[in-house]
Amino acid sequence: MIAVFGAGAIGCWVGGRLAAGGAEVTLIGRARVMDELAGGLTISELDGPTRTVRVTATTDPAAAASAAITLVTVKSAQTAEAGATLARVLSDGATVVSLQNGVRNAEVLRAALPGRRVLAGMVPWNVVRRDRGAYHRGTSSTLMIEDAPAGRPLLEAARAAGLPMVARGDMPAVQWAKLIMNLNNAINALSGIPLAQELAQRGYRTVLAAAQREALALCALARQPIAKLTPAPPTWMPRVLELPDRIFALAARRMLAIDPLARSSMWDDLEAKRPTEIDHLQGEVVALATQLGRTAPVNAALVRLVREAEGGGRRDFTADELRARLT
Ligand SMILES: NC(=O)c1ccc[n+]([C@@H]2O[C@H](COP(=O)([O-])OP(=O)(O)OC[C@H]3O[C@@H](n4cnc5c(N)ncnc54)[C@H](OP(=O)(O)O)[C@@H]3O)[C@@H](O)[C@H]2O)c1
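The sequence shown lines up with residues 231 to 557 when you count with this note's numbering.
So, in structure tokens, the structure goes:
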């Protein structure tokens, strides 16, 4: 059995997709989320079928006790608490896979879960809740997990479900590459508009380019490799982002092949008045700068603006306004 701990957007979608492929899946989450699944879990995807599946949905963490694999899909700020809860129920030798953004979640889970095998994962796509018990994947790409024998049953379940998933021997580089792409989460959340509209505007893209350039320079200094997850190498991304709109639309067709309604999960968090993952995204760049005795002014300014938005501040910045706030 595969358990999903902290089933929200990612957990319900991945769990539902694996269940649709024949895996036995138990979702563990909040009552408000689990109650919606009583009539079935509906999962849809860009250019793909819509399916409704039956899954076991519960609020009881003990349901993970008999799981061979537990996927952790809570937001990064809740990872330590999730680890402490799972430590009370998971048996020795159980496998835990972090399907979360950020670069530290697997490490946090490992510290909380001695005797269990914890693997890092990377979810490349965007999922939103569209309706009661209905989750939609707005982009498509290949899910990645740390290469280890313990991950094979999950790879098997994904293969049976037709869900692209690969094992990687360089997860820190993969996670940093994803983090650098995710620097757009804050910019999207502060723009107040869907991702497709935001990325179509050079003004917002130049803010993202500046944040990425800063992060890439610090990673180079720290000798932190960055995996190539896009057709262009990561170091080219800032220049691609700065292209004029029409040329960018041609050069980055894949990046823009995105559901017109999709927004970043940081936008969702602000909308729901939840704390965001800013400390685990831009905050990691600022922390790396501090560790290296440098500064990261663009990312630090974005951290400040998101903090203000968490406190009820503005989140409808035009690109020009955002750029002005970074200098
Ligand atoms: N959504 C996306 O498109 C996307 C894409 C790629 C990666 N990611 C990453 O995937 C991770 C999960 O994101 P998400 O969007 O799926 O978040 P989400 O929708 O907020 O789902 C997480 C769920 O876990 C619940 N939870 C937290 N602690 C719990 C606990 N101790 N017991 C039971 N339930 C608990 C949360 O409830 P409360 O809200 O009540 O705490 C929430 O319902 C994040 O790291 C995110 O950055 C998300």
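No residue lacks a Cβ here, since even glycine has one placed at the ideal position from N, Cα and C.
Separation of Y365 and V358 (C-alpha to C-alpha, rounded to the nearest whole angstrom) is 6 Å. In the three-state reduction of the DSSP assignment, T280 falls in the coil class. Taking non-hydrogen atoms of ligand 1 into account, the C-beta of A314 is found less than 6 Å away from none of them. Between ligand 1 and I240, a heavy atom-to-CB distance of less than 6 Å is present.
In this chain, the beta strand (DSSP E) harbouring A350 covers R347 to M352. Membership of S495 in the alpha helix (DSSP H) is indicated by the continuous run S495 to E501. In chain order, V333, A350 and M352 place their CB closer than 7 Å to the CB of Q405, counting only its own chain and leaving out the 5 sequence neighbours on each side. Closer than 6 Å to some heavy atom of ligand 1: that does not describe the Cβ of S370. Between the stretch 481–501 and the stretch 395–403 there are fewer than three inter-stretch CB-CB distances shorter than 8 Å, so the stretches are not counted as touching.
If you look at F235, you'll find it in the beta strand (DSSP E) that goes I232 to F235. When C-beta atoms of the stretch 524–537 are compared with those of the stretch 407–427, three or more pairs fall below 8 Å, so the two segments count as touching. Between the stretch 301–311 and the stretch 280–290 there are fewer than three C-beta pairs closer than 8 Å, too few to call the two in contact. Your pair I232 and A297 checks out as a contact, with CB atoms roughly 6 Å apart and the cut at 8 Å.
Counting of Cβ neighbours within 10 angstroms places L480 among the exposed residues, the total staying below 16. One alpha carbon belongs to P291, the other to V255, and they sit about 14 Å apart. Separation of I299 and A388 (C-alpha to C-alpha, rounded to the nearest whole angstrom) is 13 Å. Spanning the alpha carbons of W466 and G542 requires a straight line of approximately 35 Å.
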